[in-house]
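*Asks:*
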Amino acid sequence: MNGTDFIAHSPETKPFWDAAARGRFVLPRCRQCDRTHWYPRGICPHCLSKALDWQESPGEGEIHSFSVNRMGDQPYVLAYVALTKGPIMLTNIVDADPDTLSIGAKVKVVFKPSPEQAPVPLFVLR
Amino acid sequence: MIRDEQAYIVGAYEHPTRKAPDKSVVQLHAECAAGALADAGLTKDDVDGYFSAGDEPGFRPVSMVDYLNLKVRHCDFTDIGGSAPLQHISHAAQAIAAGKCKVALVTLAGRPRSAPINFHPDVTQPDLLWERPLRQSLLDIYALCARRHMHEYGTTSEQLAWIKVAASHHAQHNPHAMLRKVVTTQDVLASPMVSDPLHRLDCCVISDGGGAVVVTRPEIAKSLNRPRVKVIGAGEGIQGQSAGGVELTASAARQSGAIAFAEAGVNPDDIRYASIYDSFTITVLIALEDLGFCEKGQGGRFVADGNLISGVGRLPFNTDGGGLCSNHPAMRGGITKVIEAVRQLRGEAHPAVQVKDCALALAHGTGWLMGTRHSSATLIMERE
Ligand SMILES: [Zn+2]
Numbered sequence: 001m002n003g004t005d006f007i008a009h010s011p012e013t014k015p016f017w018d019a020a021a022r023g024r025f026v027l028p029r030c031r032q033c034d035r036t037h038w039y040p041r042g043i044c045p046h047c048l049s050k051a052l053d054w055q056e057s058p059g060e061g062e063i064h065s066f067s068v069n070r071m072g073d074q075p076y077v078l079a080y081v082a083l084t085k086g087p088i089m090l091t092n093i094v095d096a097d098p099d100t101l102s103i104g105a106k107v108k109v110v111f112k113p114s115p116e117q118a119p120v121p122l123f124v125l126r
Numbered sequence: 001m002i003r004d005e006q007a008y009i010v011g012a013y014e015h016p017t018r019k020a021p022d023k024s025v026v027q028l029h030a031e032c033a034a035g036a037l038a039d040a041g042l043t044k045d046d047v048d049g050y051f052s053a054g055d056e057p058g059f060r061p062v063s064m065v066d067y068l069n070l071k072v073r074h075c076d077f078t079d080i081g082g083s084a085p086l087q088h089i090s091h092a093a094q095a096i097a098a099g100k101c102k103v104a105l106v107t108l109a110g111r112p113r114s115a116p117i118n119f120h121p122d123v124t125q126p127d128l129l130w131e132r133p134l135r136q137s138l139l140d141i142y143a144l145c146a147r148r149h150m151h152e153y154g155t156t157s158e159q160l161a162w163i164k165v166a167a168s169h170h171a172q173h174n175p176h177a178m179l180r181k182v183v184t185t186q187d188v189l190a191s192p193m194v195s196d197p198l199h200r201l202d203c204c205v206i207s208d209g210g211g212a213v214v215v216t217r218p219e220i221a222k223s224l225n226r227p228r229v230k231v232i233g234a235g236e237g238i239q240g241q242s243a244g245g246v247e248l249t250a251s252a253a254r255q256s257g258a259i260a261f262a263e264a265g266v267n268p269d270d271i272r273y274a275s276i277y278d279s280f281t282i283t284v285l286i287a288l289e290d291l292g293f294c295e296k297g298q299g300g301r302f303v304a305d306g307n308l309i310s311g312v313g314r315l316p317f318n319t320d321g322g323g324l325c326s327n328h329p330a331m332r333g334g335i336t337k338v339i340e341a342v343r344q345l346r347g348e349a350h351p352a353v354q355v356k357d358c359a360l361a362l363a364h365g366t367g368w369l370m371g372t373r374h375s376s377a378t379l380i381m382e383r384e
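Chains X and Z, in that order, give the protein sequences. The UniProt record's numbering numbers the first residue of the first sequence as 1 and each following residue consecutively. The UniProt record's numbering numbers the first residue of the second sequence as 1 and each following residue consecutively.
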């Protein structure tokens, strides 16, 4: 699976990937209802307005829930992160000992480029 | 309102196989269809409505109708995942009430155990763009629900384990069940941690097989020599991540259950038996709360100490062993929920698990992924 195939089929999200390529984390904000959303899309899922701005976010938040998959050689962490005054988003917590994680722990966004994957926002403890 | 319009389940059949290396998926569908029609005392030429949900190959319902050589004037192919067969029975009842068909056949079958499903992601699916690059399995997503429920309500792994314990108590009496050994909460907690906080024994089995159900009009139901099971309430719902306002401890069962109970004009306290979709133990716990069998957050206390065991607890559930111990055909077991509820209402469950005077039963399905986006469908059925 190639992440770029997905991106090619989602032209509405190009501003997100362009920003991510420069290491910036942007969120769609609706000019009509002034709300952000996740996952990004080309129409506001709160009011269906197409008037969206891509607003830079500090990408800070806290762990809303997490699971630790222990079936492979290395455990990995899937999590929902609640961005500060923002949406709750599905992500991975990386570069952290899973046994030290807890709901409410403060985290910050990081982009980890990979040839097989789109550079989706991941999170590290802060 | 379904109660006034009246539709009856007159045939039900569960395929006994759990491993079908030498059968095709369409063949399993067809064997289930033949079994349910024989159970009802009807023939394939009586069928004028067909319902299926995407687990058939090729042109799906069109290929299946051709394979079975049916002559239908109504068909429905709504695919909302594992809860689809429950929704189909509701849609069949509505179609029958509207005069669109008289005898509706609902089938589900698959062989994921013999031929593991190769998931080819749909690059046009908007949410997968953000999820495929993440490391995740579907059980990681359910584990997110379990962790948050534990955090908000103090639910424990031992309480979740009671759900598997109850299923295993029932499965010991089902000769077809994949896991027939009675387990304890200690056994569940000692099983490997697959996706923390879920253990291996918090998960359902992977099986081949399937099932079918026949729904029909009152006068046809009354002409057949079978106990009559009336569909008196049905609800459905879909819940997603709400654009970033995800709720991990509640499900679309809040909606599907409320609609079904209102239509049926009964309360959770009236229900004598419940089939609850059980892909994981947490799936059951959240559904029980959302259907109103206990307050939100009290699910752990509700299932503890064998409260779901037939003959022991207040709410016997999944008396065939369910997905946790018996089968989960096509990775979506909704139809088996209906079949065991029909057995209970007819008094045809195994004597060791049969609920006395079981006049009112509920069946509930959860489709796709609780935790990201899922469907619910709830049916309430009455023995007439
Ligand atoms: Zn808006």
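All C-beta atoms in this analysis are idealised placements derived from N, C-alpha and C, irrespective of residue type, glycine included. Note that this is a predicted model, so its numbers are computed, not measured.
1. Measure the alpha-carbon distance for residue 49 (chain Z) versus residue 214 (chain Z) and round it to whole angstroms.
2. Can at least three beta-carbon pairs, one atom from the region 189-201 of chain Z and one from the region 347-361 of chain Z, be found at a separation below 8 Å?
3. Is it true that the CB of residue 275 (chain Z) sits closer than 9 Å to the CB of residue 337 (chain Z)?
4. Which bits of chain X does residue 239 (chain Z) rub up against, with CB to CB less than 7 Å?
5. What do you reckon, are the CB atoms on residue 37 (chain X) and residue 240 (chain Z) nearer than 9 Å?
6. Ignore the nearest five residues each way along the sequence and tell me which others in residue 350 (chain Z)'s own chain have a CB closer than 6 Å to its CB.
7. Just how far apart, CA to CA, sit residue 364 (chain Z) and residue 180 (chain Z)?
8. Are there any heavy atoms of ligand 2 lying less than 8 Å away from the beta-carbon of residue 32 (chain X), as far as the coordinates show?
9. Using a C-beta to C-beta distance shorter than 9 Å, which residues of chain X count as neighbours of residue 199 (chain Z)?
10. So what's residue 295 (chain Z) in DSSP terms, helix, strand or just coil?
11. Suppose the cutoff is 7 Å on Cβ atoms and the five residues either side in sequence are ignored; what does the same chain contact list for residue 42 (chain Z) look like?
12. Between residue 229 (chain Z) and residue 8 (chain Z), which are expected to be in contact by the criterion C-beta below 8 Å, what is the C-beta distance as a whole number of angstroms?
13. I want to see whether chain Z comes within less than 9 Å of residue 68 (chain X), judged by CB atoms only; does it?
14. Give a yes or no on whether 9 Å exceeds the smallest Cβ distance from residue 151 (chain Z) to chain X.
15. Scan the region 49-104 of chain Z and note each continuous beta strand (DSSP E) run of 3 residues or more that stays entirely inside, going in chain order.
16. Got a sec? Which residues, its chain only, sit under 8 Å from residue 31 (chain X) by beta carbon, not counting five neighbours each side?
17. Considering only C-alpha positions, which residue in the set X:123, X:43, X:23, X:60 is nearest to residue 76 (chain X)?
18. Just how far apart, CA to CA, sit residue 87 (chain X) and residue 100 (chain Z)?
19. Mind reading off the beta-carbon distance from residue 378 (chain Z) to residue 260 (chain Z)? Whole number of angstroms is fine, and I expect it under 8 Å.
20. Counting Cβ pairs, one atom from each stretch, are 3 or more of them under 8 Å apart for the region 322-332 of chain Z and the region 176-190 of chain Z?
21. Chain X partners of residue 143 (chain Z), CB-CB under 7 Å?
22. Residues bridged to residue 198 (chain Z) by DSSP?
23. Could you check whether the region 151-170 of chain Z touches the region 293-312 of chain Z, counting it as contact only if at least three pairs of C-beta atoms, one from each stretch, sit closer than 8 Å?
24. Quick one: which chain Z residues come within Cβ less than 9 Å of residue 10 (chain X)?
25. What are the start and end residues of the beta strand (DSSP E) that includes residue 123 (chain X)?
26. Are three or more beta carbon pairs between the region 21-30 of chain X and the region 52-68 of chain X nearer than 8 Å?
27. Going by the C-beta, is residue 49 (chain X) closer than 8 Å to any heavy atom of ligand 1?
28. Any idea what DSSP makes of residue 38 (chain X), helix, strand or coil?
29. Between which two residues does the alpha helix (DSSP H) containing residue 65 (chain X) stretch?
30. From the beta carbon of residue 1 (chain X), is the nearest beta carbon of chain Z less than 9 Å away?
31. In angstroms, rounded to a whole number, what distance separates the CA positions of residue 86 (chain Z) and residue 110 (chain X)?
32. Look at the Cβ atom of residue 195 (chain Z), then the Cβ atom of residue 69 (chain X), and state whether they are nearer than 9 Å.
33. Tell me whether the beta-carbon of residue 40 (chain Z) lies closer than 9 Å to the beta-carbon of residue 68 (chain Z).
34. Chain Z partners of residue 54 (chain X), CB-CB under 9 Å?
35. Under a CB-based cut-off of 9 Å, is residue 95 (chain X) close to chain Z?
*Replies:* Taking the geometry as given:
1. Answer to the nearest angstrom: the Cα atoms are 10 Å apart.
2. At 8 Å Cβ cutoff, the stretches do not touch.
3. Against a cut-off of 9 Å, the Cβ pair of residue 275 (chain Z) and residue 337 (chain Z) comes out as a contact.
4. Under the 7 Å cutoff, chain X gives no residues; its nearest Cβ is about 14 Å from residue 239 (chain Z).
5. No. Outside cutoff.
6. Only 173 meet the Cβ criterion.
7. Rounded to the nearest whole angstrom, the C-alpha separation of residue 364 (chain Z) and residue 180 (chain Z) is 23 Å.
8. The model on display carries ligand 1 but not ligand 2.
9. Per Cβ cutoff of 9 Å: no residues; residue 199 (chain Z) is ~10 Å from chain X at best.
10. In the three-state reduction of the DSSP assignment, residue 295 (chain Z) falls in the coil class, being assigned neither a helical nor a strand state.
11. Result list for residue 42 (chain Z): 11, 103, 214, in chain order.
12. By a beta-carbon distance limit of 8 Å, residue 229 (chain Z) contacts residue 8 (chain Z). Their separation comes to about 6 Å.
13. Residue 68 (chain X) has a beta carbon lying within less than 9 Å of a beta carbon in chain Z.
14. It does: the Cβ of residue 151 (chain Z) has a partner Cβ on chain X nearer than 9 Å.
15. Complete beta strand (DSSP E) runs here, min 3: 49-51, 74-76.
16. Excluding residues within five positions, the ones whose Cβ falls inside 8 Å are 49, 51, 52, 53.
17. Ranking X:123, X:43, X:23, X:60 by Cα distance to residue 76 (chain X) puts X:123 first.
18. Whole-angstrom Cα-Cα distance: 45 Å.
19. By a beta-carbon distance limit of 8 Å, residue 378 (chain Z) contacts residue 260 (chain Z). Their separation comes to about 4 Å.
20. Touching, yes.
21. Think of a sphere of 7 Å around the beta carbon of residue 143 (chain Z): the chain X residues whose beta carbon falls inside it are 67, in chain order.
22. The partner list for residue 198 (chain Z) (beta bridge, DSSP) reads Z:195.
23. Under the three-pair Cβ rule at 8 Å, the region 151-170 of chain Z counts as touching the region 293-312 of chain Z.
24. Here the neighbours are 123, 124, 126, 129.
25. Looking at the DSSP string, the run of the beta strand (DSSP E) that includes residue 123 (chain X) is 121-125.
26. As far as the Cβ criterion goes, the region 21-30 of chain X touches the region 52-68 of chain X, which means the pair count is three or higher.
27. Checking every heavy atom of ligand 1 against the Cβ of residue 49 (chain X), one is found closer than 8 Å.
28. Reduced to three states, the DSSP call for residue 38 (chain X) is coil.
29. According to the DSSP assignment, residue 65 (chain X) belongs to no alpha helix (DSSP H) but to the beta strand (DSSP E) extending over 60-69.
30. For residue 1 (chain X), the pLDDT reaches just 46, beneath the cut-off of 50, and the residue's location in the model is therefore unreliable, although a value from the coordinates is still provided. Yes - at least one Cβ of chain Z is within 9 Å of the one on residue 1 (chain X).
31. Roughly 43 Å between the two C-alpha positions.
32. Contact: yes.
33. For residue 40 (chain Z) and residue 68 (chain Z), no; Cβs fall outside 9 Å.
34. Near residue 54 (chain X) there are no residues of chain Z at all, since even the closest Cβ is about 15 Å away, more than 9 Å.
35. Taking Cβ atoms only, chain Z never reaches closer than 9 Å to residue 95 (chain X), which makes this a no.
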